[in-house]
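Quick note on numbering: the sequence shown equals residues 172 to 320 in the numbering used here. Even glycine gets a Cβ: it sits at the ideal position worked out from N, Cα and C. Being a predicted model, the structure only gives us computed values, none of them experimental. Structure first, commentary second.
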Amino acid sequence: MSGEFPEFSVRLDTFSSAVWYRGKRGRYLIEGSRCAACGQRYFPPRAGLLCPACGTRSMEPYRCADHGEVVARVMDDMGFPAWGYGDDLPRVMVVVRLDDGIHVLGDVVDLAPGDDAPPGSRVRAEFRKHRREDTGAWVYGFRFVFDRD
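Printed below as a string of structure tokens:
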């Protein structure tokens with residue numbers, strides 16, 4: 172590790188602004204894809220790929236549900252400071268089964284000290300700030316909060 176290359180992990184992919192731009196709706200809206208022929212839903216999106224269920228190439232954008240139920244959870248008390256995830260520790264990371272059956276991974280935020288997100292808890296997705304990049308720009312995306320309704 173040096174001052175010129177502060178990351179100690181190797182990046183396996185290269186940055187592509189075109190791919191990043193095309194995938195932004197999936198990061199900000201929890202958008203997946205749905206096969207127009209058979210109705211099967213997928214997340215992350217499978218644009219341009221064959222549907223495994225029916226074999227057609229007729230994928231269309233699909234806005235996933237915003238509410239769901241916690242299926243599994245883990246407490247992250249170490250974080251990964253090199254990517255800016257060491258600031259909000261401890262984090263409660265959860266797998267959520269959305270109301271439309273799609274599973275997503277995310278964080279539960281706005282927990283009081285000692286609170287937990289046990290399996291079966293109802294949560295909803297909200298658009299939030301995640302962290303700052305090295306350039307100072309904010310990274311946004313969805314996080315989960317308890318559904319009090």
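Who are the near neighbours of Tyr213 in its chain, counting only those whose CB is closer than 7 Å to its CB and skipping five residues on each side?
-> Translated into the one-based positions of the sequence shown, residue 213 becomes position 42. In its chain, beyond the 5 residues on either side, Gly203, Ser204 have a beta carbon closer than 7 Å to the beta carbon of Tyr213.
Val275: which of Glu240, Tyr192, Tyr311, Leu221 sits nearest, CA to CA?
-> Here residue 275 refers to the residue found at position 104 when the sequence shown is read from its first residue. From the listed residues Glu240, Tyr192, Tyr311, Leu221, the smallest Cα separation to Val275 is found for Glu240.
Use the C-beta contact count for Asp361: other C-beta atoms within 10 angstroms, 16 or more gives buried, fewer gives exposed.
-> Outside the shown range of the chain (172 to 320) lies residue 361, about which nothing can therefore be said.
Three-state class that DSSP yields for Ser204 in the structure shown = Walking along the sequence shown from the start, residue 204 turns up at place 33. DSSP places Ser204 in strand when its eight states are reduced to three.
Please state if the CB of Val267 and the CB of Val242 are separated by a distance shorter than 8 Å.
-> Reading the sequence shown from its first residue, position 71 is the one you call residue 242. Reading the sequence shown from its first residue, position 96 is the one you call residue 267. Yes, they are a contact pair.
Could you give the distance in angstroms between the alpha-carbon of Cys222 and the alpha-carbon of Arg319?
-> By one-based count along the sequence shown, residue 222 stands at place 51. By one-based count along the sequence shown, residue 319 stands at place 148. Taking the CA atoms as reference points, Cys222 sits about 36 Å from Arg319.
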